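In my numbering, the protein residues as written are 423 to 721.
Everything below concerns the one structure shown next.
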């Protein structure tokens, strides 16, 4: 289903398509999934020492901007080959930019991302993504699918969270660590293998469900703090689940997925919203259906 470059972390999860004969959801036994995940983590998970080394790798804002612009340029080329237009200005881009500007102050690293550029991709795919350096892309299909400004704020908050938490820099850090290791000491067989494995693990699993959970949690909290209704984002995932039931019928072990299941994400958002309401009750949260409808009518 994914039509965009694998450089992006979007809403659609990667999974095998399967439709059980009886129409009921198929699932691997929990013990099988747990065992497979443990085996995967044993060979492809980072050790504590590896995580500490990665955390110590600095990526300057200048380096991040360079990487982001290179990936954006490649994304443009990929779209051009498929005759898909990337919109850089106009009423819809201005609207998206205005929402991003409202969310940006919530970021812990807002000073690092003083300018965030947003682009609209003329495709029916329901996807969004972020790139290092502060670049956000949203598909026309997702803009149409959101149905409310609150849901769109949630989607944009999710992508900004990936930037804020440095999820997009993980592979950059792995590659930089490998380069530093090779430059800093003779590359004996053991050290070459160890450092090479740190980098290879990033390619083996460039997207992780735990990062998506973190981004969803940030998005839910920021949406609520901005007085929008996070349940609109939960309803978005409900609609995605209804649309993608055939694809999601076979529940794959976590290690084979880049994103949690739509239903799981919806449940988590609903639970977090209830917790936020208990801690800091709010009434008349913004939904913004008419605001988004008006934008779509005027295009």
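Cβ coordinates follow ideal geometry from the N, Cα and C atoms, glycine included.
Quick caveat, the model's predicted, so the values are computed rather than measured.
{"Item": "The region 689-701 / the region 533-553 touching (three or more Cβ pairs under 8 Å)", "Value": "no"}
{"Item": "Residue 712 - DSSP class collapsed to helix/strand/coil", "Value": "helix"}
{"Item": "Spatial neighbours of residue 720 in its chain, beta-carbon cut-off 7 Å, leaving aside the 5 residues before and after", "Value": "513"}
{"Item": "Neighbour-count burial assignment, residue 536, 16 or more Cβ in a 10 Å radius", "Value": "exposed"}
{"Item": "Contact under 8 Å by Cβ, residue 641 with residue 702", "Value": "no"}
{"Item": "Assigned exposure category for residue 446 - 16 Cβ within 10 Å defines buried", "Value": "Low confidence applies to residue 446: its pLDDT is 35, below 50, so where it sits in the model is not reliable enough to give any reading."}
{"Item": "Collapsed DSSP secondary structure at residue 577 in the structure displayed", "Value": "helix"}
{"Item": "Cα-Cα separation between residue 530 and residue 635, rounded to whole angstroms", "Value": "18 Å"}
{"Item": "Outcome for residue 502 when other beta-carbon atoms lying within 10 angstroms are tallied against a minimum of 16", "Value": "exposed"}
{"Item": "For residue 661, the nearest candidate out of 526, 683, 707 (CA to CA)", "Value": "683"}
{"Item": "Beta strand (DSSP E) segment containing residue 551, residue limits", "Value": "550-553"}
{"Item": "DSSP-derived helix/strand/coil call for residue 540", "Value": "strand"}
{"Item": "According to DSSP, residues forming a beta bridge with residue 557", "Value": "539, 553"}
{"Item": "Given residue 637 as reference, the closest of 508, 594, 483, 588 once Cα atoms are compared", "Value": "588"}
{"Item": "Residues near residue 574 in its chain [Cβ-Cβ closer than 6 Å; skip 5 each side]", "Value": "568"}
{"Item": "Three-way DSSP call (helix, strand, coil) for residue 515 in this model", "Value": "helix"}
{"Item": "Environment of residue 495 [buried if 16+ CB atoms lie within 10 Å]", "Value": "exposed"}
{"Item": "Inter-residue spacing [alpha-carbon to alpha-carbon] between residue 712 and residue 478", "Value": "47 Å"}
{"Item": "Closest residue to residue 650 among 474, 599, 576 (Cα-Cα distance)", "Value": "576"}
{"Item": "Closest by C-alpha distance to residue 563, when choosing among 550, 572, 555, 556", "Value": "550"}
{"Item": "As assigned by DSSP and simplified to three states, the class of residue 509", "Value": "strand"}
{"Item": "Span separating the alpha-carbon of residue 488 from that of residue 705", "Value": "44 Å"}
{"Item": "Residue 586 burial status per 10 Å Cβ neighbour count (16 or more: buried)", "Value": "buried"}
{"Item": "Cβ-Cβ separation, residue 645 to residue 572 (assumed contact under 8 Å), whole Å", "Value": "7 Å"}
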